[in-house]
Amino acid sequence: MKEVGQRKGPKVLLYTFLVISSLLSLFPFYWMFVIGSNTTSSVNQFPPAMLPGTHFIENAMNVFDRIDFFGAMFNSFFISSTVTLSVLFFCSLAGFAFSKLQFEGKNLLFVFLLATMMIPPQLGLIPSFMIISSLGWIDTLQAVIVPAMVSAFGVFWMRQYISSAIPDELLEAARMDGCSTFRTYWNIVLPTVKPGLATLGIVTFMNTWNDFLWPLVVLKDRSVHTIQIALRTLNDVFYTDYSMILAGTFMATLPILIVFILFSRYFIAGLTEGAVKN
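Under the numbering used here, think of the first position of the sequence shown as 4, with each following residue one higher.
Right, dumping it as structure tokens:
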């Protein structure tokens with residue numbers, strides 16, 4: 004009996020820690036909904052409102068009247084989805100080349116790629132803007148999509164994942180069966196590295212969806228605004244309606260949560276499947 008009690012003790016502490024951590028992680032999302040469902044005056048009171056109110060629909064309708072909410076959501080979803088698919092393809096292809104193919108200057112190119120990760124992205128704003136402007140892409144979605152189609156972190160991540168997940172004997176067997184290099188990548192490598200692709204997809208989609216600085220620089224017209232820029236325009240000069248802004252932010256966060264849940268399921272399933280293979 005004492006041994007059973009000793010075993011349950013650490014589990015209870017672990018579960019308690021996990022529950023508390025989960026509640027702390029969910030609290031900002033809950034607080035966002037509380038503010039978005041009350042009025043700004045009730046939120047500014049002390050103590051502030053801690054329970055959801057009855058003004059969420061009213062605040063949401065104010066958001067729809069002020070900005071093209073669904074148009075901005077579509078722009079963000081289109082940009083994030085396109086960038087994510089592009090990053091998954093090109094970064095996995097480059098990662099396969101850096102990890103399994105032999106060519107001259109491979110190590111030097113990879114070191115140069117890693118060095119680009121040390122440069123703050125803000126330093127590239129002006130030259131990137133000049134290039135986009137010379138191409139005539141200002142106020143177009145490709146101004147945000149094209150520069151983000153490949154990421155140095157994505158190439159590094161896929162290179163490390165493929166190096167550890169794909170044995171050289173498997174590639175040699177594919178070559179002996181007559182597979183070309185691209186077919187080996189498409190039919191052998193990609194199905195095996197699904198967990199790595201799912202992880203990279205989650206990170207890329209969320210980063211692209213939340214990106215604010217670069218879209219703010221190149222997207223001026225309201226018709227091409229992403230949801231982050233559209234929500235920024237809700238601020239007035241002399242008065243800020245926090246309830247309306249947080250209601251819009253709450254609705255803009257829902258797609259990220261949905262995508263995260265869907266990708267997490269595939270990620271966990273991929274890890275489980277890989278753990279039981281021989």
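For glycine and all other residues, C-beta sits at the position ideal for the given N, C-alpha and C.
For Gln231, the enclosing alpha helix (DSSP H) covers residues 230-235.
The three-state reading of DSSP puts Glu61 in helix, counting H, G and I together. Ile230 places its beta carbon 7 Å or farther from that of Leu237. In the DSSP assignment, Gly74 falls within the alpha helix (DSSP H) that extends over 72-103. In the three-state reduction of the DSSP assignment, Ala255 falls in the helix class. Contact annotation, Leu219 with Ile232: C-beta distance approximately 6 Å; criterion of less than 8 Å satisfied. Counting along the chain, the unbroken alpha helix (DSSP H) around Lys109 starts and ends at 109-119. Judged by DSSP in its simplified three-state form, Trp140 adopts coil rather than helix or strand. Here Phe263 has Ile205, Met209 as same chain residues with Cβ atoms under 8 Å from its own Cβ, once five neighbours each way along the sequence are excluded. A distance below 6 Å between beta-carbons, with the five flanking residues on each side excluded, links Trp140 to the following residues of its chain, in chain order: Ala146.
Secondary structure note for Leu219: its alpha helix (DSSP H) is the uninterrupted segment 216-221. Following the DSSP letters along the chain, one finds Gln145 inside the alpha helix (DSSP H) bounded by residues 145-148. Within the same chain, Cβ atoms closer than 7 Å to the Cβ of Phe99 are found at Ile165, Tyr188, Val192, the five residues on either side in sequence being excluded. Around Ser89, the same chain offers Met152 as residues with beta carbons nearer than 6 Å, after the five sequence neighbours per side are excluded. A direct Cα-to-Cα measurement between Ala63 and Tyr242 gives close to 18 Å. Under the three-state reduction of DSSP, Gln48 is assigned to coil, being neither helix nor strand. Residue range 197-213 is occupied by the alpha helix (DSSP H) that includes Pro198. Pairing Gly181 with Asp171, the inter-Cα distance amounts to about 16 Å. Here Ser167 is exposed. Its C-beta has fewer than 16 other C-beta atoms within 10 Å. Per DSSP, reduced to three states, the secondary structure at Asp239 is coil, with no helix or strand assignment. For Leu104, the closest alpha carbon among the candidates Val196, Phe185, Leu21 is that of Phe185. Sorting Leu265, Ala176, Phe253, Ser246 by C-alpha distance to the C-alpha of Pro198 places Leu265 at the top. Shown here for Leu54: same chain residues with a beta carbon closer than 8 Å to its own, the five before and five after excluded, namely Val37 in chain order. Within the same chain, Val153 come within 6 Å of Phe93 by CB-CB distance, once the 5 residues on both sides are set aside. Taking a 10 Å sphere around the C-beta of Arg178, we find fewer than 16 other C-beta atoms and assign the residue as exposed. Around the beta carbon of Ile23, fewer than 16 other beta carbons sit within 10 angstroms, so the residue counts as exposed. Bounds of any alpha helix (DSSP H) do not take in Leu126, whose DSSP letter is neither H nor E. The beta carbon of Leu260 sits closer than 6 Å to no other beta carbon from its chain once the five residues preceding and following it are set aside.
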